[in-house]
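Protein sequences appear in the order of chains R and X.
Sequential numbering of the first sequence, starting at 1, is according to the UniProt record's numbering.
Sequential numbering of the second sequence, starting at 1, is according to the UniProt record's numbering.
All C-beta atoms, glycine included, are put in the ideal place defined by N, C-alpha and C.
Just so we're clear, the structure is a prediction, and the values are computed from it rather than from any experiment.
I have placed the structure first, in the form of structure tokens, so that the comments after it can refer back to it.
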Amino acid sequence: MPVVSFSVAGRDNCVVVGGTAYVYATVKGRGFVMNAQCPHRGGPLHLADVTADGSQLVCPWHERKTATARLRGRIPSVRTGKRVTAVIPDQPVSRGYAAAAVCGGATSREHRPLSPSITTPVTES
Amino acid sequence: MSRVPQHVPFELGGAALRDAIIQYATNPIYLDADDWQNHDNPYRRQLRPQILPHLDFDRVPGRENILDYPSLAAQRLLTTIYEADLVFFPKSGLKGKEEDFRAFYSPSNRALGEKIRPALERYAFGFLDDEVETSGKWTKASLDSYLDSLEMNGGDEQSPAERAILGSADPRRAARMWLVQFTADFLSEASPMLRNVLGYYGPTQSEWFKVIIDEYGYGVHDTKHSTLFERTLTSVGLRTDVHRYWQYYLNSSLLLNNYFHYLGKNHEHFFRYVGALFYTESSLVDFCRRADRLLREVFGDSVDTEYFTEHIHIDQHHGRMAREKILDPLIEAHGEGIIPDIVRGIEEYRVLLDVSDGDFSAQISWMDDQPELKKLHGPVYEAIREGRVEAPVAHLVEPFNELSNTHCHEGDELCHIVSGTMRFESGLDSSLILEAGEGVVIKRNRLHGADILSDECVYEIHSVGDYRSCLL
């Protein structure tokens with residue numbers, strides 16, 4: 001399983017492994033690594049809104065809701081300061097929408113804007 | 001059934017916490033010393049109780065403030081509290097120190113320490129809750145991938161602390177200061193680890209014990225790791241009595257050592273300890289190889305480095321044992337739910353190493369820069385005198401041999417001598433003599449103290465915040 005480290009905010013806040021993009025999101029003060037694509041039709045989940053109770057992310061394309069708990073539970077990760085290390089599953093974690101296969105794929109980093117609802121508050125250190 | 005009173009968990013905060021801390025720290029064995037070093041008395045630790053009424057231990061500092069004075073005070077307190085569980089005797093025997101011995105191990109001292117320990121631990125280690133956060137479903141397979149990806153060995157690349165020693169204006173002084181930072185840990189080596197040997201928890205307990213058998217030299221005192229370390233200290237002219245150099249311990253050195261006591265004392269953190277243990281044992285091999293090389297480069301062949309060369313060998317086994325015999329069987333027995341705590345322990349320890357590297361490197365620069373910082377007194381004092389900078393000022397008058405035990409400040413300060421003579425201490429074997437009209441810039445978070453060499457010394461401390469603003 002590929003292990004990747006990337007920034008939780010700013011430049012290079014998104015890692016692309018085998019064609020699947022992952023970002024670090026924070027909902028209700030708790031962070032997690034998630035697939036940046038909506039499982040419905042591959043919409044930009046990194047730009048999702050969050051329901052008032054924090055239980056679901058709402059994709060901006062078709063307002064498809066995805067449970068935060070499900071996203072939170074998928075990708076094992078550990079954040080240390082402003083960097084996060086994630087262990088990417090060998091199988092693509094998106095359901096429904098056909099993402100590229102992960103196994104053996106290249107890894108790259110890029111910037112993806114996050115919606116304010118899932119942005120990690122940045123503190124000075 | 002008779003009515004059961006409601007259970008109220010123990011919690012201490014606010015004025016009650018402050019009062020309890022003061023009650024603990026005013027034990028006569030914890031008062032200020034009139035010498036920079038302690039003399040073969042493991043019970044004497046300077047806790048500066050006179051400052052404690054002014055500190056707030058309720059608000060947990062973030063990482064950016066973890067080297068401020070309240071944290072140093074908390075770490076000194078915690079070291080003292082934790083070590084009441086360990087046995088120490090003066091090398092020269094108890095004679096004449098019986099009262100201190102009883103004061104340190106008395107039920108009163110121990111009870112007062114235990115009462116304030118949870119609040120101090122929250123203060124000292126609370127920043128790690130923000131600094132390290134695990135998420136997602138960790139499996140044994142994902143943990144294996146993560147562990148395999150860790151760069152634990154560092155290879156030949158020097159750490160910032162090692163670079164600071166070799167790049168110092170006085171590498172021997174810097175290396176001695178470095179070794180002193182380890183004495184709180186290495187002289188009572190593996191004591192925190194022993195906290196996890198007690199109890200009854202299956203085959204892993206015996207594997208844990210095997211690591212300790214190595215640390216303790218198989219009952220042969222000459223091969224006990226602390227004995228090897230004593231030889232290293234002696235070979236470079238340092239003394240080996242416990243906490244002789246108490247006043248020279250950096251905040252982060254105590255933080256690192258206390259972290260293992262914290263995890264070992266509070267068994268709900270057992271799995272975090274397992275993670276930190278794995279990382280320590282696995283990363284020590286290359287560290288010790290570099291330490292051996294560094295000490296030889298600095299001191300030549302006269303330095304005894306067997307402590308480090310022994311670890312190069314034995315920790316290759318300990319790293320493997322920690323993973324295969326402790327970590328893996330624990331997951332097998334207790335399930336994958338313990339993995340996030342194991343990962344957390346690994347990452348927390350790495351954070352602490354980073355903090356420690358930065359703290360030590362900054363202290364060596366601070367020691368090296370003393371002549372420059374003395375020269376900077378002129379322009380900084382001028383800026384204050386001309387009113388270009390306004391800074392709160394404290395006017396102090398102190399008598400001969402008044403020793404301001406080591407401490408640090410939350411911002412830069414300027415020390416200005418009005419009359420008399422002061423020895424300004426900035427580290428082991430690092431000091432300035434300041435006469436009337438002279439002074440020194442005191443940098444934020446840097447450990448320092450002062451001794452009055454004249455009958456009386458009148459001086460001022462200007463809290464300038466950032467001294468560079470005085471140079472604009």
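Residues of chain X with a Cβ closer than 7 angstroms to the Cβ of residue 75/R are, in chain order, 136. When DSSP states are grouped into helix, strand and coil, residue 28/R belongs to the coil group.
Inter-residue distance for residue 55/R and residue 254/X is about 42 angstroms (C-alpha atoms, whole angstroms).
About 6 angstroms separates the beta carbon of residue 50/R from that of residue 118/R, a gap short enough to meet the 8 angstroms contact definition. With a threshold of 7 angstroms between beta carbons, residue 79/R makes contact with chain X. If you check each beta-carbon in the UniProt domain "Rieske" (16-62) of chain R against every beta-carbon of chain X, the ones closer than 8 angstroms belong to 30, 31, 32 and 33. Around the Cβ of residue 6/X, a 10 Å sphere holds fewer than 16 other Cβ atoms; the residue is exposed. Look at the stretch 13-92 of chain R and you find these whole runs of alpha helix (DSSP H), each 4 residues long or longer: 68-74.
A Cβ-Cβ separation of about 34 angstroms leaves residue 175/X out of contact with residue 60/X under the 8 angstroms criterion.
Along the stretch 341-352 of chain X, going in chain order, the ones with a CB nearer than 9 angstroms to a CB of chain R are 343, 344, 346, 347, 348, 350 and 351. Per DSSP, residue 204/X is one residue of the alpha helix (DSSP H) stretching across 203-215. In this structure, residue 17/R and residue 88/R form a Cβ contact; the two beta carbons are roughly 5 angstroms apart against a cut-off of 8 angstroms.
Nearest CB-CB separation between residue 87/R and chain X: below the 7 angstroms threshold. Among the CB atoms of chain R, one or more fall inside 7 angstroms of the CB of residue 132/X.
When DSSP reads this structure, residue 459/X sits in a beta bridge with 396/X and 417/X. Under DSSP, residue 107/R forms a beta bridge with 17/R. When DSSP states are grouped into helix, strand and coil, residue 232/X belongs to the helix group. Close partners of residue 72/R in chain X (Cβ separation under 8 angstroms): 135 and 136.
If you draw a 10 Å sphere on the C-beta of residue 83/R, you find fewer than 16 other C-beta atoms in it, and that means exposed. In the three-state reduction of the DSSP assignment, residue 391/X falls in the coil class. Identification of chain R residues near residue 108/X by a Cβ-Cβ cut-off of 8 angstroms yields none; the smallest Cβ-Cβ distance measures about 40 angstroms. Residue 114/X sits in a helix when the DSSP states are folded into three classes. Residue 383/X is a Cβ neighbour of residue 470/X, given a cutoff of 7 angstroms. DSSP places residue 134/X in the strand class (E or B) of the three-state scheme. Chain X places a beta carbon closer than 7 angstroms to that of residue 3/R, counting this residue as a contact.
Between residue 357/X and residue 160/X, the gap from beta carbon to beta carbon is short of 7 angstroms. Assigned with DSSP and collapsed to three states, residue 176/X falls in helix.
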